[in-house]
Structure formats: C-alpha cells, structure tokens
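First comes the structure, then the notes that go with it.
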Amino acid sequence: MRALVLPLRPRRLLPRLPLTLRVPLVVAGLMVLVSVAVSERALSRFDASQGRHFVELGNAYLDGLAPALAPAVVREDPWEVFDVLDRSRGLYQGLELLQTVVTGSDGRVIAASDPRATPVGSAFAAPPARPDAAQLVARGETIAHLRRDLQHRGSTVGAIHARVDIGPLKAERDRVLWTLILGNAVITAALSLLGYVAVTRMVRPLRTLSTRLAAGTAQPVPAAEMPGDAETARLYEGYNRLVAALESRERLTRRLAEKERLAALGQLASGMAHEINNPLGGLTTALDTLEAHGDGAEVRARTIPLLRRGLEDIGRVVRTTLASHRGATDHRPLAPADLEDLRILLAPELRLRGQSLDWHVGFEAPLPVPAGPLRQALLNLLLNAAHATPQGGRLGFSAVPAGRALRLSVEDAGPGLSAELAAYLTAAGSGEAPLRSGPHLGLWLVRSIAGEIGARIEVARSPLGGAQVVLIVPMEATGA
Amino acid sequence: MARHRGATRRQALVTLAGAAGLAMPALAQQRPFLLALTPVLMTSDLDLLGLLRGYLSAALGLPVQLATRRSYQDVTVLVLGGKVDAAWVCGYPYVMHRDLLEVVAVPLWRGAPLYEAYLIVERGAAARDWSDLEGDMHAFSDPDSNSGYLVTAALLAQQGRRVESFFRGTMFTYEHRNVVRAVASGLAQSGSVDGYIWEVMAETEPDLAEATRVLRRSEPLGFPPVVVNPGMADPGRSAALRGALLSMAADPAGRALLAELRLDGFTEVPGGHFDSIAARATLLRQL
C-alpha cells in the first residue's frame with residue numbers, strides 16, 4: 050500500500066537542472082574548491098620562497114657592501130662610500146634598489162646612492178624596522194627597508210639603510226596568481242565540459258527510458274534498439290521485464306475488477322430475486338383471484354392495478370439490473386431516474402442490514418454528465434458505505450449541482466477511510482492498481498472512472514461518523 | 064732590499080756578459096724600466112697602459128713595468144726613494160720637491176705644454192662665480208694635485224679664505240674622473256678638476272662630463288711632467304726615457320698612444336715653466 054503514495058522528492062541544492070548539467074556543475078564546484086586550496090598553498094609557498102630569496106639577496110647585498118664600506122665609514126669619506134655604493138648598484142640583479150644610505154655613528158649621512166635626495170651630512174631618519182621582510186610582498190607592500198649595522202674592530206661605526214622597490218616582486222607574485230587562476234579556470238572548464246560529455250553519454254539510456262515512460266503507456270524497448278554494452282542492455286532488459294509485469298498485473302487487476310463487479314451484481318441479483326419473488330406470490334394470488342372472480346368488475350378493478358404495480362416493480366428491478374450490467378459504456382446524460390435505480394438496487398442490501406439511507410437528489414432534468422460510469426462509481430461507493438456502516442446504521446447520499454459541476458456525495462457511519470486510502474483516492478492520475486480485492490478494488494475502480502471522466506474526488510469526515518467521499522464532476526466533461 | 068738584490072743581479076749579469084765577451088746590447092739583459100703613474104692619466108684604461116708599456120719597451124729596448132698608485136703622494140714617495148726609474152707626476156708635487164726632482168719631458172696638449180684647472184658645478188646649478196660655491200660640498204681630486212686642489216685652495220687663500228671654512232665639507236676622490244662623477248651625481252655640488260681630463264671626458268664620456276658645467280678656468284699652467292730623481296736614477300736610463308718621449312710623435316706606435324691620450328707629443332720646457340704653480344704652493348704654505 051505504501052507504494053501507492055509516491056514519496057515526495059527530497060529538496061535538492063540544484064532542483065531543476067538536469068543531471069547532464071548538475072554533474073559538470075558539481076565537478077566545477079569541486080575543482081574551484083580544490084584549486085582555491087591548491088592555489089592558496091602554492092601561493093603561500095611562493096610567498097615564502099620569494100620572501101626568503103629577497104631576504105637572502107638583501108643580505109648578500111648588505112654583506113657585500115659592509116666590509117667595503119666600514120673603513121670608509123670610519124674615515125667618514127663620502128666619496129669612497131659613494132663610490133662603493135655606485136659601483137655595487139648594477140651588481141645585484143633582482144634587487145631594485147631605490148636608495149642606499151650610509152650613516153655614521155652619529156646617525157648623519159656619510160653618503161647615499163642618490164646624494165641629491167639624501168645629501169652628505171644631513172640627518173637621516175631611519176624608517177622603522179620591519180621584522181618580517183619575507184611577508185612584505187604578501188602584505189601588498191611595495192617598498193622594503195633593509196638595515197645593516199657596520200662593524201669595525203668590534204664596535205658599531207655606522208649603518209647601511211637600503212630602500213628596495215619590491216614592486217617587481219609583487220608584479221611577479223601577481224603574475225603567478227593570475228597564472229594559477231587562469232590555469233585552474235581552464236582546467237575547471239575542461240573538466241566540466243568533459244563531465245558534461247561523459248554524463249550526456251552515460252544518461253543516454255536513461256533518457257531513452259524516460260522518453261518511453263513520458264509517452265504515457267509503458268512500451269518495451271524493441272530488440273533492434275538494444276545497445277551493445279552489457280550494463281545498458283541489462284537496464285533495458287530490466288525495464289522490458291518491468292513493462293511486461295505491469296501489463297500482466299494490469300490484466301489481472303481488470304479481471305479481478307470484473308469478477309468483483311459480477312460478484313457484486315450476483316449479490317444484488319440474489320437480493321433482486323428476492324424482490325421479484327416477493328411480489329410474485331402476490332401476483333400469483335392476484336391472477337388466481339382474476340381467474341376465479343375476473344368477471345366481477347370490482348375485482349378486476351382492484352386486482353389489475355395490483356398486478357400492474359407488481360409487474361412494474363419487477364420490470365423496474367430487471368431494467369435497473371440491465372442498466373447496471375451495461376456498465377461504463379453508457380454515456381447518456383445523468384437523469385434522476387438513474388440515481389433512483391441505484392437506490393432500488395441498493396434497497397435489498399440495506400434491508401438485509403437494517404440500514405437507512407438519507408437520499409437527496411437536487412435536480413430534475415438530466416445533467417450533461419456521463420450516466421453509465423457515474424452509476425458504476427456511485428454503486429461501488431454506496432456498497433462500500435453499506436459494508437462499512439454497522440448493522441442498523443445510517444447512510445447518506447446527495448446529488449446537487451454546484452456551479453458548473455455536479456457534486457455527488459456518499460456518507461457512511463463506518464470507521465472512516467485510512468489516510469493512505471484517502472490520499473490514494475484524492476491523488477490525481479490513474480494510479481497503481483492494488484493487488485487486492487475487496488473495498489480497495491472498488492476504490493480503484495472509482496478512481497479510475499473519476500480519472501476517465503475528469504472528475505475530482507474529495508474525502509472528508511462525515512457528520513454521520515464515518516467517511517464522506519465526494520465526486521465533483523464537471524458538466525462539460527460528458528463527452529456526449 | 065729589492066734594489067739591493069736587483070743591483071747584485073745586475074752586477075752578476077754584467078760580469079757574466081763581460082766574461083763571455085758577448086757583444087749583446089748592454090741594456091737587454093737588465094732589470095725592467097719602472098715608470099710610476101699617478102691618476103693624472105685615465106689610469107682606469109688598461110688599453111692605454113698597454114699601449115704606453117708597448118711603446119716604451121720598444122723605444123727603450125727594455126721590458127717596462129708601470130706602477131700605478133692611488134694617491135699622488137704614493138707615487139712621489141716611489142720616485143723620491145728611487146724605487147722607480149721615473150714618474151709621471153703632477154706639477155704640485157714636482158714644485159714641492161724641485162730640489163730633488165728633474166723634469167724629463169712635458170706633454171704637449173693642444174700644441175703647448177700647458178693645461179688649465181677647472182672649477183666645475185652641476186649642470187643645472189645657479190652658481191655664476193667661484194664665490195657662489197660657499198657652503199658647498201666640494202670634491203677635490205687629491206691633496207697633492209695642482210688642478211685638483213692647489214689652484215682652488217690658493218684662489219680661496221688669495222681672498223683670505225680657507226678651504227675648511229669656505230666649503231661645508233670636502234672630499235678627495237683620488238681621480239679626476241671621480242671628481243666629475245661626484246659632481247654629476249650630486250654627491251658634491253662643486254669640484255676641482257684637471258681641465259685636460261675634463262675635456263677628454265667631454266669627448267669620450269659626454270654624458271658624464273656634460274652633467275657638469277665649467278664654472279671657472281684657471282690661467283694656463285704647466286702640464287704634469289715626467290720626472291726623475293737624478294740623485295738615485297741611472298742617467299743613461301733617464302736620457303733614454305727623454306729620447307723615447309720626445310720622439311714619440313715621430314713613431315707610428317707613439318702616435319697611436321698620443322692619439323689615445325689626446326696629446327700632441329712631449330717637449331722640454333725651460334726652468335720657470337712651473338713657477339706659477341710654485342707661487343701658489345708658497346702662498347698656501349704661508350697661510
């Protein structure tokens with residue numbers, strides 16, 4: 050029974066996209082995550098390496114200068130200091146020196162590589178020390194300050210201050226960053242495309258199946274279309290077996306339903322036989338009376354209407370039975386008399402159970418709704434209601450036009466419909482046939498008929514204590 | 064010691080040659096001719112030194128060694144001490160030791176054994192006169208240089224000023240070319256430089272020379288001479304050197320060397336040729 054109610058689809062992150070897009074998107078998302086992580090690692094390694102290289106180069110520059118400068122600083126010889134700075138300028142490729150200033154022990158400038166900017170003898174304000182030169186580039190700085198104290202025979206005689214343009218390092222870092230971004234973007238795009246192509250190929254069998262399923266009627270995949278690869282072939286074979294099983298189940302269900310209908314009719318027929326038999330005794334007596342005393346006008350006048358009524362009763366029972374047996378093929382407009390037939394058909398059953406039926410038909414002229422299918426559906430509902438209602442209980446029936454629809458309601462005093470059955474009845478579509486006879490099969494028929502004639506089913510709690518099943522039949526939907 | 068050893072070896076060789084009775088040229092087997100050079104020339108130019116050594120070797124018939132020293136004083140000490148056969152020195156050290164040194168020959172520049180001392184400033188500097196240089200950082204070439212120190216110091220002395228107080232600071236670059244570099248770079252705002260060197264640089268390194276401007280030219284002064292110490296030098300060698308220098312312009316290799324030096328040749332000069340330098344030296348000594 051659980052299978053009757055289709056489980057709701059779980060909410061998805063990418064709800065409406067087909068698999069062929071979802072997989073590439075997931076691939077792209079994962080690639081972006083991976084490349085962000087990898088790039089971050091690569092860049093921080095690059096930063097460390099670049100910073101180390103820069104510090105080493107800076108140290109090499111300062112170490113190279115220091116011994117040459119120290120004696121000149123001791124002598125406070127501006128020319129020699131300048132000459133050393135000037136000659137070393139081109140020696141350190143990769144170190145973009147903006148300015149190198151050499152100060153004496155008093156902090157005054159002895160000479161600078163650009164003497165115009167920093168004249169000899171001027172006071173030099175040393176920039177604050179940068180503790181971590183290796184991280185300068187990563188921090189987005191464009192200028193680094195290096196400092197080295199000049200030692201001569203154990204005492205500090207001055208200092209070298211170098212201002213270095215690390216813009217090129219930053220540019221190099223930016224190039225690496227963009228290379229990473231572009232490279233990863235290309236790889237991501239390529240993998241996503243690959244994912245798209247691969248998934249498109251992979252889901253092709255599924256698409257074939259879904260196309261067949263979407264067509265409404267499940268059709269097996271013909272042998273000519275069987276693919277070469279074993280996996281898909283197994284899927285198709287499985288699908289074909291499923292289609293075959295569904296077909297056989299459908300056939301079985303129809304046979305069961307027919308049997309059920311015949312059984313119900315048989316049950317009704319026995320009741321009707323009783324109905325026919327009841328007047329038969331009276332009729333026979335009346336005939337006997339006519340035969341014996343038919344000469345008397347008074348007797349004839351009393352007996353013939355009695356005979357007529359009895360025969361009419363029998364005729365009505367027979368007609369009703371025939372009409373019911375004609376079944377769902379009868380698409381005449383529904384007349385109150387059709388509903389009256391149902392009441393007659395149901396009467397013996399009710400009598401047997403000592404049940405009463407509140408009957409209300411709110412129209413007189415035939416309405417443009419198909420009589421045959423509705424009679425069948427209502428008969429099923431009424432029989433179900435009678436079965437559900439305990440001995441001596443009450444049933445309700447009403448047929449009232451409501452706007453452009455006919456509202457047919459059947460109520461009982463039974464235990465009510467289970468939530469599953471209620472959901473099954475009210476769900477749209479033909480639904481899956483239950484593989485069980487009994488009331489479920491009746492409900493399946495009701496739902497099938499409602500589906501065929503475009504009617505809607507509502508299930509509610511009846512004031513009588515049991516279930517109320519309402520068929521709302523659009524009047525345009527007669528098909529007649 | 065070196066000289067002692069050298070002399071001993073020479074005596075031994077002479078003895079050997081005499082004993083063998085060989086008629087080989089007497090100088091051929093002797094010690095090399097030593098010539099000391101101050102940075103009065105473009106000493107950084109090794110090609111130039113090669114040409115000079117090549118010419119002198121051929122002209123003297125001797126291997127020639129060139130001794131370059133950083134300061135004029137070092138060179139002066141070498142020649143005064145007889146450690147070299149001859150030296151190419153500035154006029155200032157010569158006049159300071161005129162009693163001990165003898166001029167062998169003086170180069171001819173632009174037809175005369177004369178040159179000028181320049182006061183240079185940065186090209187864009189506003190200075191119009193030497194007095195505008197007060198408070199400058201000033202670059203000298205060498206404390207023993209005529210054009211690179213003496214002329215400027217004497218100029219100030221004539222006005223009753225002293226180098227130390229007139230300028231904010233001074234520096235010695237020990238090479239005339241470096242004076243030009245110091246001024247061109249802005250390290251010094253003005254400099255005292257050899258006019259001959261500046262003119263040659265204007266031709267060979269115009270970018271550097273033209274970053275400076277000549278503010279003042281001195282009157283013509285005696286060009287740095289080649290000198291010997293007659294008290295210690297071999298007269299024969301000195302005479303040979305004089306001959307080699309005076310005949311340089313007549314020799315193709317000599318002319319190539321002169322062309323490199325932008326000189327016309329060498330000449331002998333009368334005794335008073337360096338008197339104006341001597342007068343400046345005296346003035347400065349009296350200060």
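Those protein sequences? They're chains A and B, same order as listed.
Sequence positions in the first sequence follow this note's numbering and run 50 to 529.
Sequence positions in the second sequence follow this note's numbering and run 64 to 350.
For every residue, glycine included, the Cβ atom is placed at its ideal position computed from N, Cα and C.
Keep in mind it's a predicted model, so treat the numbers as computed, not measured.
Nearest chain A C-beta to residue i closer than 8 Å, yes or no?
i        : result
B/Thr241 : The displayed chain sequence assigns Asn, not Thr, to residue 241 of chain B. Closer than 8 Å: yes.
B/Gly232 : yes
B/Thr267 : no
B/Thr106 : Residue placement at B/Thr106 is poorly supported in this model, since its pLDDT is 48, which falls under 50; the coordinates are not used for a value here.
B/Gly334 : no
B/Met264 : no
B/Ala245 : yes
B/Ala99  : no
B/Met200 : yes
B/Phe235 : yes
What first and last residue would you give for the alpha helix (DSSP H) that runs through residue i?
i        : result
A/Ala462 : Element bounds for A/Ala462: n/a, residue is neither H nor E.
A/Ser88  : Leu68 to Val123
B/Phe229 : Val226 to Phe229
A/Gln517 : Element bounds for A/Gln517: not the alpha helix (DSSP H) but the beta strand (DSSP E), Ala516 to Pro523.
B/Arg300 : Pro298 to Leu309
Cutting at 7 Å between CB atoms, please list the residues of its own chain near residue i, excluding the five before and the five after it.
i        : result
B/Ser233 : Going by the sequence as given, residue 233 of chain B is Thr instead of Ser. Around B/Thr233: His201, Phe203 and Val226.
B/Ala217 : Arg343, Leu346 and Leu347
B/Asn209 : Cys153, Gly154, Tyr155, Ala180, Leu284 and Ile340
A/Ala91  : Leu229
B/Met295 : Gly145
B/Leu171 : Leu326, Asp327, Gly328, Phe329 and Thr330
A/Gln440 : Arg402 and Gly403
A/Gly442 : Gln404 and Ala462
Can you give the Cα-Cα distance for residue i and residue j, rounded to whole angstroms?
i        : j        : result
A/Gly207 : A/Arg136 : 20 Å
B/Arg328 : B/Asn241 : First, the residue type needs correcting, since residue 328 of chain B is Gly and not Arg in the sequence shown. Cα-Cα distance, rounded: 26 Å.
A/Arg351 : A/Lys308 : 44 Å
B/Asp148 : B/Arg300 : 7 Å
A/Ser154 : A/Asn233 : 54 Å
A/Leu185 : A/Val87  : 22 Å
B/Ala251 : B/Gln93  : 48 Å
B/Leu76  : B/Pro293 : Residue confidence for B/Leu76 is low, a pLDDT of 43 falling below 50, so the modelled location carries little weight and cannot support an answer.
A/Leu513 : A/Leu399 : 16 Å
B/Arg133 : A/Trp128 : 14 Å
A/Ala434 : A/Glu460 : 7 Å
B/Tyr212 : B/Arg161 : 19 Å
A/Arg290 : A/Leu360 : 56 Å
A/Ser486 : A/Pro419 : Residue confidence is low: A/Ser486 scores 49 on pLDDT, short of 50, so the model does not pin down where it sits. Its coordinate-derived value is still stated next. Taking the straight line joining both Cα atoms gives about 26 Å.
B/Met264 : B/Pro333 : 30 Å
A/Gly143 : A/Asp223 : 16 Å
A/Tyr245 : A/Ala264 : 26 Å
B/Glu238 : A/Thr167 : 24 Å
Taking the Cβ atom as the reference point for each residue, do residue i and residue j lie within a distance shorter than 8 Å?
i        : j        : result
A/Ser458 : A/Gly411 : no
B/Gly117 : B/Ala316 : yes
B/Tyr155 : B/Trp261 : no
A/Arg188 : A/Ala172 : no
A/Leu388 : A/Leu444 : no
B/Leu125 : B/Leu112 : no
B/Ala168 : B/Arg305 : yes
A/Ala175 : A/His201 : no
A/Val522 : A/Ile502 : yes
Could you check whether the Cβ of residue i sits closer than 8 Å to any Cβ belonging to chain B?
i        : result
A/Pro127 : yes
A/Arg101 : no
A/Arg165 : yes
A/Phe173 : no
A/Val158 : no
A/Val122 : no
A/Asp214 : no
A/Asp135 : yes
A/Val169 : yes
A/Phe131 : yes
By Cβ distance, which residues of its chain are closer than 6 Å to residue i, with the 5 residues on each side in sequence left out?
i        : result
A/Phe131 : Ala160
A/Arg453 : Met524
Ends of the beta strand (DSSP E) at residue i?
i        : result
B/Met234 : Gly232 to Phe235
A/Val186 : Premise fails: A/Val186 is in no beta strand (DSSP E) and is neither H nor E.
Report yes or no: is there a C-beta of chain D within less than 8 Å of the C-beta of residue i?
i        : result
B/Leu250 : The structure shown contains no chain D; its protein chains are A and B.
By Cβ distance below 8 Å, which residues in the same chain neighbour residue i in space, the five residues on each side in sequence not counted?
i        : result
A/Glu221 : Gln99
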